[in-house]
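The structure appears right after this line, and notes come after that.
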Amino acid sequence: MREVLTNPSAGYYMNRDVFGQKGDFITSPEISQMFGELIAIWLINEWTKCGRPKPLQIAELGPGRGTLMSDILRVFSKFKISDVSIGLVEVSPYLSQVQEKQFCITSNQETNERNVPKDALHYKESKSLYGSPVRWYNHVADLPRAFTLYLAHEFFDALPVHKLIKTEQGWREVLIDINRTDSTLRYVLSRDRTPACLYRLENEIRKEIEVSPQSLVTLQLMAARIHQDGGVGLVIDYGYEGDKTDTFRGFKNHQLHDPLVDPGTADLTADVDFAALKWAATHPRTGDDWKANLTFGTVDQKDFLTRMGIDVRLKQLLAAARTEELARDLKTAHQMLTDPAEMGSKFKFLALYPAVMKKILDRHPPPGFSLDV
251 MREVLTNPSA
261 GYYMNRDVFG
271 QKGDFITSPE
281 ISQMFGELIA
291 IWLINEWTKC
301 GRPKPLQIAE
311 LGPGRGTLMS
321 DILRVFSKFK
331 ISDVSIGLVE
341 VSPYLSQVQE
351 KQFCITSNQE
361 TNERNVPKDA
371 LHYKESKSLY
381 GSPVRWYNHV
391 ADLPRAFTLY
401 LAHEFFDALP
411 VHKLIKTEQG
421 WREVLIDINR
431 TDSTLRYVLS
441 RDRTPACLYR
451 LENEIRKEIE
461 VSPQSLVTLQ
471 LMAARIHQDG
481 GVGLVIDYGY
491 EGDKTDTFRG
501 FKNHQLHDPL
511 VDPGTADLTA
521 DVDFAALKWA
531 ATHPRTGDDW
541 KANLTFGTVD
551 QKDFLTRMGI
561 DVRLKQLLAA
571 ARTEELARDL
581 KTAHQMLTDP
591 AEMGSKFKFL
601 ALYPAVMKKI
611 LDRHPPPGFS
621 LDV
């Protein structure tokens with residue numbers, strides 16, 4: 251998955267715009283501004299709950315086209331919140347250009363890369379339409395140490411997974427090989443245990459599982475930063491809680507695609523195991539200096555958005571709609587985001603907080619995650 255998606259010369263994400271109707275899949279922020287607006291309100295509410303610490307950083311992992319961050323910055327500006335820096339974790343040079351054009355004053359790739367000091371951890375910098383400094387990073391670990399609102403929307407589903415099968419000899423990994431007869435790719439089973447076999451959860455009862463060591467390490471790093479520097483994390487993705495087996499698949503032109511056919515031309519993805527992410531957020535690695543994060547969720551997207559007021563926001567936008575076509579589009583977008591048969595139940599929300607906030611959260615639970623909030 252890593253090679254097919256992020257190879258510098260031929261990786262799926264590296265040289266093209268793969269989002270939207272003309273791409274291979276569409277994301278919630280692309281469907282309607284309502285999604286990003288409600289996420290922004292949630293972030294502002296939780297930042298306020300923490301006492302509005304400064305300096306404030308918003309870090310998005312895998313920003314896509316930058317639509318979500320664009321909506322968030324617009325809402326922050328409405329609340330007169332301008333003293334904020336933006337950190338974007340993005341490995342695709344092409345998508346970093348798309349993001350820059352979406353919400354930055356300048357979009358000169360060469361100039362904005364040339365102005366970066368040689369010893370800097372970021373590879374590009376610019377300024378948002380609202381005056382906030384924006385910097386691009388290759389890794390979460392490169393982000394500045396500050397109170398941070400972390401956002402990962404459809405990020406973890408693109409990180410590599412390893413498929414493991416329980417055999418009479420123990421756990422074995424499904425690998426990819428070349429068929430010598432026709433040079434096509436095929437699945438094979440490892441002869442012995444591989445390093446990935448060590449990442450299975452204890453007391454695993456499933457015969458087949460998918461594990462993502464990179465996801466666990468990334469989530470643990472985020473949790474460590476939240477504990478050490480302060481912050482809040484929000485993970486949004488399609489996934490499950492430790493009960494599925496084989497979810498690895500490809501998408502091309504909004505249709506399922508064989509992952510082994512024409513690698514590099516289709517999106518490869520796997521459902522996110524939120525049970526594993528919650529385990530990572532609450533289990534520091536040996537020697538790590540951080541305490542277990544508090545986790546809330548998962549909750550379905552339809553429940554989160556409804557509790558955050560998407561129905562009220564829809565009514566406001568419908569009242570301001572100037573044409574029947576725009577009104578129909580708004581209703582269609584609302585349905586796509588909340589209908590259980592579409593995105594409403596497929597996407598899950600998970601929130602992370604530092605352990606020191608337990609008493610506050612007992613009195614004031616995260617909005618969107620409780621029937622009472």
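Residue numbers for the sequence shown follow our numbering, beginning at 251 and rising by one.
Using N, Cα and C, we set each Cβ at its ideal position, and we do this for glycine too.
Keep in mind the model is a prediction, meaning the values are calculated, not measured.
Inter-residue distance for Ile276 and Gln419 is about 42 Å (C-alpha atoms, whole angstroms). Short of 6 Å from the beta carbon of Ser282, and not among the five residues preceding or following it, lie these beta carbons of its own chain, in chain order: Ala583. For the set Glu375, Val334 and Thr532, the Cα lying nearest the Cα of Pro343 is the one of Glu375.
Approximately 5 Å separates the beta-carbon atoms of Ala531 and Leu602; this is inside 8 Å, confirming the contact.
Around the beta-carbon of His614, fewer than 16 other beta-carbon atoms lie within 10 Å, marking it exposed. Counting only the Cα atoms, Arg443 lies some 12 Å from Leu425.
Non-local beta-carbon contacts of Ala408 in its own chain, meaning distances under 7 Å to residues more than five positions away in sequence, involve Leu255, Gly312 and Thr519 in chain order. In its chain, beyond the 5 residues on either side, Tyr449 have a beta carbon closer than 6 Å to the beta carbon of Pro463. Annotated three-state conformation of Ile415 is strand, per DSSP. Bridge pairing for Phe597: Tyr488 [DSSP]. When DSSP reads this structure, His403 sits in a beta bridge with Ile486. When rounded, the separation of the alpha-carbon atoms in Pro445 and Pro509 is 23 Å. Leaving aside the five residues that flank Lys457 on each side, the residues in its chain whose CB is nearer than 6 Å to its CB run, in chain order, Lys416.
Taken in chain order, the unbroken stretches of beta strand (DSSP E) that lie wholly in the segment 444 to 526 and span 3 residues or more are 458 to 461, 481 to 490, 499 to 502, 505 to 507 and 517 to 519. Annotation: Phe406 to Leu466 spans about 10 Å, alpha carbon to alpha carbon. Residue range Leu306 to Leu311 is occupied by the beta strand (DSSP E) that includes Leu306. Annotation: Arg315 to Gln349 spans about 5 Å, alpha carbon to alpha carbon. The alpha-carbon separation between Leu587 and Ala370 amounts to approximately 39 Å. Counting C-beta pairs with one atom in each stretch, the segment 477 to 492 and the segment 593 to 602 have three or more that are closer than 8 Å, which means they touch. One thing to note: Tyr400 has its Cβ within 7 Å of the Cβ of Met472. The segment 554 to 622 is shown to contain whole beta strand (DSSP E) runs of 3 or more residues at 597 to 603, in chain order. Using a C-beta cut-off of 8 Å, the segment 301 to 308 makes contact with the segment 388 to 398, since at least three inter-stretch Cβ pairs fall below that distance.
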